[in-house]
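Worksheet for the structure shown next.
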Amino acid sequence: MDVDHQESSGETKSAMHTWRYRHHFTYKADQGKNIIVQCNLCLPRVNLLSTSKTSTSNLKKHLDRTHLGCEASPDAKRGRKKEERNGEESRHCQLKKLKAEIISKCMTQAKIDELIFNFIVEDCQSFYVLEQPGFKKLIAGLTEGLKSMDRVTLFTKVDQGFSRMREELMAKLNNIQYVCTTADVWTANNRSFFGMTCHWIDPDSLERKSAALGFARLQGRITYDTVAGRIHDIHVAYNIESKVQTTVTDNGSPFVSVFKEFAVDSQESDDDIGFYENVTSILEGEPEQDMLLFLPTVQRCASHTLEQIVTEDFWQAVSQGPMCQLHYSTMAKVFAIWSKCHHLQVGMDAAEEIGKMALVVPAVIRWNVEYCAVQKIVSLSERELTELCARLEVPRMQPEEMAFLKEYVTVFHPLAFALELFQAEQKCYLGLVIPTVLSLKNKLNEQKDAATYFSDVINAIVMAIDVRFQELFASTEARIATATTPQFRLWWMAASEREEMCSVLATEASQMDPCSVTEANTSRNLSTIESEDDFFSYGPVKPATQIQQRGVMEEIRKYVEGTGKSLECLQDFPRVKQLFLKYNTTLPSTAPVQRLFSQKGNLVTSQRNFLTDDYFERVQLLRYNSNVCSLATE
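This is how it looks when you write it as structure tokens:
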């Protein structure tokens, strides 16, 4: 029986019963102060051992001497633990070496340079980041000793990346039939820049694609001939002067002067591209340079037109109406709240504490931003707004003023929604403008009867819409663009005008390049006799052109009668698809080129003043075009 179960003295129990290796021994006899035990590990050989009742040292020595490799041996346990620790340390070293080996194979210096280059370009980082000690330590620590490139290497990679990007972009544009450009002038920190973007529709997926073509510095006085020259030079540089359908600009100077001075009446030329002569040098007595500018037709920015309506025409209607005093007193208090929140931290803290939200402050001159800021104020309860006015020490809003603001937000919500539609890029086409403007007029007229304060203002805005968009409604290009958009087709037109529009579409479709549209059953030679039916024919044979026109009209009618709203349905109508590509390549606003200027608000800063104008332009074009062209420099 085991020592653990032997009835013995208290001393024996205190020494043997608590010993963790007791189960390896069996009690045999009692010898007074000692006991005789049998080692179970020595079986079948009988090995009797004598040990003190109060000590187990004799038994430990036996285990260490005879059974050293056995689990029972305490030294064996300690040795095994030591081996395990050594093994763990060895495995840790092996893993560390393996990690370093993997990093050395995957993270080469060229790969690190490429990642740093993408980081600088895509996130608009200053080139001085490369010189910072912390950045160098970060790269060295993450890459097991690899180094960050210096600014000289970065400039070289900018040159290489720009050359590769331009080659890729020109290759893409070479395969595109129709493109649209947007142009604008931007001034910041006493520096002016001319920006231009290019847009097209992929003929297979019908997805909108965009790229930046120019971000050039304008020095000196900005004149219309300078802007016209920039537009022409960029179009020629990318070899798209014959592909540009329109150039979208805002309605302000100097673009109005550019196309006013250089535009040729469409009745004087059958082409969309006009020939313009630089008359400024002649008028100023400078030597004639014999330079002809090839400028496309201009498309006014629909967003800017709506902005003009809601600022100029709206303010004029309000100032002449009976609500003039109420409007000015209300907006004065609103602007006082915005001013306190913008200039005082305590004001912003109070707005966040009371309203449980960050109060929008219109920091840029855009009406839709101002509208969103008014929405935030109206969303506050009467108690919250009263408390906010008290905390900011501005006059409290009266009930009539709050009712005025609420009606302002309700009445002009359709106009704010229309602006958001025009400022989109991926799913925004010229064909969107006419239905949007018509729907906007309907929404405004619906609210006119229920309006308490803005009834006269609504009438003035609707009249302004008719006047400012009159040219667009009369434009054949805009009407075709709308008709070839599956979401609208001819539903927006009066029933009496639809038949005429079908004829216009058929005429345009029949004039499309035959290489781009595969005609069905027209490749057969009508004079060939292949069967009896071909031989026995009665009556005059219809010319091939009449058969083609009939096929075009049938396709147009099937398209018009369809109900699908997705662009995918255009795949079933090849002629309509070509018309869509031609007329809907044009964007309705200059929002993309404005995004080129305002990306991250980190373009023109003191940290970038050391960059030359050429390198500044290259970095910005690389950043904007990273979605359509690779940033790889090797």
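In terms of my numbering, the sequence shown opens at residue -5 and continues consecutively.
Note that CB positions come from ideal geometry on N, CA and C, so glycine has one too.
Closest residue to residue i among the options (Cα-Cα distance)
i	options	result
Lys27	Thr45, Tyr21, Arg385, Arg39	Thr45
Arg462	Cys295, Asp566, Leu124, Met164	Cys295
Gly189	Asp107, Asp153, Ala205	Ala205
Pro197	Trp361, Lys576, Met396	Lys576
Thr430	Leu466, Gln441, Val179	Leu466
Ala472	Lys552, Thr580, Gly556	Thr580
Asp219	Lys571, Val252, Pro316	Val252
Leu561	Val123, Ala585, Gln481	Gln481
Gln464	Leu432, Leu320, Lys131, Lys130	Leu432
Phe249	Lys435, Tyr609, Val221	Val221
Glu440	His56, Thr404, Leu200	Thr404
Cys422	Ile452, Lys437, Thr476	Thr476
Arg589	Thr137, Val179, Leu43, Thr48	Val179
Asp307	Ile452, Leu564, Val498	Ile452
Thr181	Cys174, Arg158, Gln213, Asn169	Gln213
Trp486	Val312, Asn436, Phe398	Asn436
Glu347	Arg385, Ala326, Arg360, Gln314	Arg385
Thr176	Val292, Gln369, Asp153, Thr324	Val292
Pro568	Phe187, Gly545, Pro586	Gly545
Thr478	Leu426, His56, Leu438	Leu426
Ala412	Ile110, Lys370, Gln119, Pro582	Pro582
Glu491	Asn183, Ile474, Leu382, Glu376	Ile474
Asp608	Ala210, Ala104, Glu394, Glu395	Ala210
Ala418	Leu382, Ile303, Ser297	Ser297
Asp460	Ser373, Asn233, Thr299, Asp153	Thr299
Lys370	Arg360, Ala454, Leu399, Glu493	Leu399
Met325	Glu376, Met391, Asp153	Met391
Asn169	Trp194, Trp361, Arg185	Trp194
Buried or exposed by the 16-neighbour rule on C-beta atoms within 10 Å, applied to residue i
i	result
Glu161	exposed
Asp107	buried
Cys623	buried
Val40	exposed
Leu37	exposed
Thr470	exposed
Phe113	exposed
Val146	exposed
Met164	exposed
Arg612	buried
Gln314	exposed
Leu148	buried
Glu395	buried
Three-state secondary structure assigned by DSSP to residue i
i	result
Val613	helix
Gly189	strand
Gly208	strand
Ser333	helix
Phe567	coil
Gln293	strand
Asn619	helix
Ile550	helix
Thr102	coil
Asp307	helix
Ser624	coil
Lys54	helix
Ala177	strand
Lys631	Past the boundaries of the shown model lies residue 631; the chain is included only from -5 to 628, so the question cannot be answered.
Phe19	strand
Cys33	strand
Gly139	coil
Asp608	helix
Lys327	helix
Tyr577	helix
Gly425	helix
Met342	helix
Ala410	helix
For residue i, the residue or residues it bridges with in DSSP
i	result
His61	Answer is none; His61 lacks a bridge partner.
Asn28	Gln25, Ser46
Arg483	For Arg483, which the question treats as bridged, DSSP gives no partner whatsoever.
Arg145	Answer is none; Arg145 lacks a bridge partner.
Val372	Beta-bridge pairing links Val372 to no other residue.
Trp361	Paired residue(s): none; Trp361 is not in a bridge.
Val182	Residue identity differs from the one stated: residue 182 is Ala in this sequence, not Val. Ala182 pairs with Arg185.
Arg202	Ile195
Short CB-CB distance (under 7 Å) between residue i and chain C
i	result
Ile106	Note that chain C does not occur in the displayed structure, where there is just one protein chain.
Quiz item: Residue ranges of each alpha helix (DSSP H) run of no fewer than 4 residues wholly in the segment 206 to 247, ordered along the chain?
Solution: 218 to 231
Practice problem: Could you name each continuous alpha helix (DSSP H) segment of 4 residues or more that falls completely within the segment 428 to 511, going from the start of the chain to the end? | Solution: 449 to 462, 464 to 467, 470 to 477, 489 to 504
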